[in-house]
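The structure appears below as structure tokens.
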Amino acid sequence: MKSIKLFCPATVANLSCGFDVLGLCLDNVGDEMIIHKTNEPGVRITKIVGADLPLEAEKNVAGVAALSMLSQWQTDFGFDIEIHKKIKAGSGIGSSAASAAGAVFGINELLGKPFEPKDLVWFAGWGEHAASGSYHADNVAPALLGGFTLVRGYNPLDVIKIDSPPDLFVAVIHPQIEVKTAEARAVLKKEVPLKAAIAQWGNVGGLVAGLYTHDYELIGRCLHDGVAEPYRKALIPGFDETKKTAMAHGALGAGISGSGPSIFALCKGLSTAEKVADAMSDIYETIGLPYHRHVSPVNPDGVKILEQQ
Ligand code: ADP
Numbered sequence: 001m002k003s004i005k006l007f008c009p010a011t012v013a014n015l016s017c018g019f020d021v022l023g024l025c026l027d028n029v030g031d032e033m034i035i036h037k038t039n040e041p042g043v044r045i046t047k048i049v050g051a052d053l054p055l056e057a058e059k060n061v062a063g064v065a066a067l068s069m070l071s072q073w074q075t076d077f078g079f080d081i082e083i084h085k086k087i088k089a090g091s092g093i094g095s096s097a098a099s100a101a102g103a104v105f106g107i108n109e110l111l112g113k114p115f116e117p118k119d120l121v122w123f124a125g126w127g128e129h130a131a132s133g134s135y136h137a138d139n140v141a142p143a144l145l146g147g148f149t150l151v152r153g154y155n156p157l158d159v160i161k162i163d164s165p166p167d168l169f170v171a172v173i174h175p176q177i178e179v180k181t182a183e184a185r186a187v188l189k190k191e192v193p194l195k196a197a198i199a200q201w202g203n204v205g206g207l208v209a210g211l212y213t214h215d216y217e218l219i220g221r222c223l224h225d226g227v228a229e230p231y232r233k234a235l236i237p238g239f240d241e242t243k244k245t246a247m248a249h250g251a252l253g254a255g256i257s258g259s260g261p262s263i264f265a266l267c268k269g270l271s272t273a274e275k276v277a278d279a280m281s282d283i284y285e286t287i288g289l290p291y292h293r294h295v296s297p298v299n300p301d302g303v304k305i306l307e308q309q
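If you read the sequence shown in the working numbering, its first letter stands for residue 1, the second for the next number, and so on.
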């Protein structure tokens with residue numbers, strides 16, 4: 001194989017109660033990436049369409065993730081990466097993770113798959129480290145493995161994939177403002193009151209149980225966040241109203257996607273998800289803030305191969 005074209009999916013991390021540990025993969029929202037094998041060793045970002053992002057491999061998450069993988073697999077050839085950005089950086093739906101995941105997935109294919117998917121999550125996490133200054137895998141894990149993922153721990157990395165119940169759909173509204181991940185981190189309290197911690201881990205356990213047993217009501221009861229949302233919602237205009245509207249239109253639950261500003265709602269059935277997305281859109285129409293609207297099933301596979309030669 002000499003080149004590969006990929007779909008690199010957007011992801012929703014945190015899922016309310018699962019701050020920094022849970023995530024899911026979207027199916028029809030994402031970037032495209034083309035990777036060519038070249039005679040010249042090393043990694044080069046040759047082209048970025050749709051965003052103003054660094055071309056230097058050491059500054060772009062795709063390059064950083066690829067170099068992390070290649071530090072464990074020497075080759076006498078190299079790779080040129082072309083990124084077609086559709087997910088805006090700082091959207092809260094895993095823009096950087098999509099690039100990190102695509103780069104390691106594609107190069108692994110071009111190398112003849114020496115690495116397991118969970119190794120790829122580890123390498124892609126270094127791309128995220130470059131973007132945010134902290135190692136985290138809650139977006140790259142669902143982008144690479146698909147479905148829902150739980151990052152149980154980092155030392156060593158322990159990631160569990162959970163298949164999505166079949167009738168679960170995600171509505172996402174992305175108000176066109178920028179929330180810097182660093183800013184969204186800075187508003188959080190360093191200590192969590194015991195009462196809030198108990199509620200949070202009860203909900204994480206319940207959500208995982210609900211996903212395994214396809215208990216949609218239980219999933220809905222668990223989508224609460226007493227740790228990050230109370231502080232972060234102030235960074236998102238219209239958040240409370242949007243969440244209230246989503247619930248009133250039949251969402252199982254709703255919250256901040258990643259560190260925002262995107263807002264997600266989990267819904268049972270496509271028609272409910274469409275209704276919820278419309279209702280959430282109406283809020284931003286009223287506020288007069290431009291937004292993007294997405295409705296997607298949960299992507300069971302993660303990064304997808306579109307073409308290969
Ligand atoms: P998101 O949650 O949407 O991924 P982040 O704030 O976590 O947003 O990451 C975006 C940061 O990563 C920006 O500072 C951006 O410049 C940087 N970055 C570097 N390379 C890429 C890339 N290929 N795609 C997206 N963001 C990138």
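Backbone N, C-alpha and C define an ideal beta-carbon position, used for all residues, glycine too.
Cβ-Cβ distances below 6 Å link GLY302 to CYS25, ALA143, LEU144, LEU145, GLY146 in the same chain, with the five nearest sequence neighbours on each side left out; the list follows chain order.
The segment 124-141 and the segment 94-103 touch, with no fewer than 3 CB-CB distances between them shorter than 8 Å. Distances from the alpha-carbon of TRP201 to those of GLY210, GLY78, CYS222, ARG185 put CYS222 closest. In this structure, LEU144 has its beta carbon at no less than 7 Å from each heavy atom of the ligand ADP. The alpha helix (DSSP H) runs lying completely inside the segment 126-193 and spanning 4 residues or more are 140-145, 181-186, given in chain order. Per DSSP, the unbroken alpha helix (DSSP H) holding PHE239 starts and ends at 239-248.
Counting along the chain, LYS268 sits inside no alpha helix (DSSP H); it lies in the beta strand (DSSP E) bounded by residues 263-268. Assignment of THR75 by DSSP, reduced to helix, strand and coil, places it in the coil class. For ILE219, the enclosing alpha helix (DSSP H) stretches over residues 216-222. Our two residues, TYR216 and GLY210, have alpha carbons roughly 7 Å apart in a direct line. In the three-state DSSP reduction, GLY63 falls in the helix class (H, G or I). Under the criterion of beta carbons closer than 8 Å, VAL104 and ALA124 qualify as touching, at roughly 5 Å. Residue state for MET69 is assigned as helix, using DSSP reduced to three classes. Pairing ALA57 with ALA141, the inter-Cα distance amounts to about 22 Å. The three-state reading of DSSP puts GLN308 in strand, counting E and B together. In the displayed model, ASP31 falls within a strand according to three-state DSSP. Between ILE107 and SER95, the C-beta spacing is not below 8 Å. Looking at the backbone, the Cα of LYS268 and that of ALA279 are separated by about 16 Å. In the displayed model, PHE115 falls within coil according to three-state DSSP, outside both helix and strand. Its chain contains LEU111, PRO114 as the residues whose beta carbon lies nearer than 7 Å to that of TRP73, once the 5 sequence neighbours on both sides are disregarded; these appear in chain order. Per DSSP, the beta-bridge partners of VAL43 are PHE79.
In this structure, GLY92 has its beta carbon less than 7 Å from a heavy atom of the ligand ADP.
Nearest to VAL192 by C-alpha distance, out of GLY226, PHE169, PRO175, is GLY226. Inclusion of ILE83 in the 7 Å shell around the ligand ADP follows from its C-beta lying nearer than that to a non-hydrogen atom of the ligand. Straight across, the Cα-Cα distance linking VAL295 with TYR154 is about 31 Å.
With a cut-off of 8 Å on Cβ pairs, the segment 184-191 is not in contact with the segment 274-292, counting fewer than three such pairs. A residue is called buried when at least 16 other Cβ atoms come within 10 angstroms of its Cβ; SER134 does not meet this threshold and is exposed. Within the same chain, Cβ atoms closer than 6 Å to the Cβ of GLU307 are found at LYS5, the five residues on either side in sequence being excluded. For LEU289, no beta strand (DSSP E) segment is defined, and its DSSP state is neither H nor E.
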